[in-house]
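Numbering (the numbering used here), first residue to last: 430 to 574. Here's the structure, in structure tokens; my notes come after.
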Ligand code: CA2
């Protein structure tokens, strides 16, 4: 059985650490990727960490994960609030998908309160900063052990 976990990141997350540190903290996405790889080593996962600004690419990666990974952690960025395509892609694959948000989306603008992907995901972690990615990896280990 594969130990690979895809950690997928959506639009604008490549700008982390450069703007809005009050909301998202000071870490760059590269920092978060490194933290995930270190945690993955401890937990026993090989982390495949990716980012795209394109919805269809994220859909393709979810399908690819179904063949190559034992689970997915996804921060879909703003597509979280709009994307039926991502909802359907998560439902179309058989491995567990955990949704992560750096900020507490429920404490922000109303348009961020609704997640289109939450009903299809195994669970959601929001509001704990970049540490949410690490929490999601532990959760994935727990539900797949
Ligand atoms: O809190 C999260 O992780 C979000 O998924 C981040 C998204 C946002 O659209 C979601 O509502 C919540 C935004 C991604 C990063 O956007 C930036 C904007 C300005 C500066 C740096 C990053």
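All C-beta atoms in this analysis are idealised placements derived from N, C-alpha and C, irrespective of residue type, glycine included. Keep in mind that this is a model prediction, so the values were computed, not measured.
Residue 504 Cβ short of 7 Å to the ligand CA2 heavy atom set:
yes
Give the straight-line distance between the Cα atoms of residue 432 and residue 481, rounded to the nearest whole angstrom.
23 Å
Count the CB pairs spanning the segment 506–514 and the segment 450–470 that are closer than 8 Å, and state whether there are at least three.
no
Shortest alpha-carbon distance to residue 440 belongs to which of 451, 475 and 511?
511
For residue 521, the three-state DSSP class (helix, strand or coil)
helix
Identify whether residue 574 lies in helix, strand or coil by the three-state DSSP scheme.
coil
May I ask which residues mark the beginning and end of the beta strand (DSSP E) holding residue 555?
552–555
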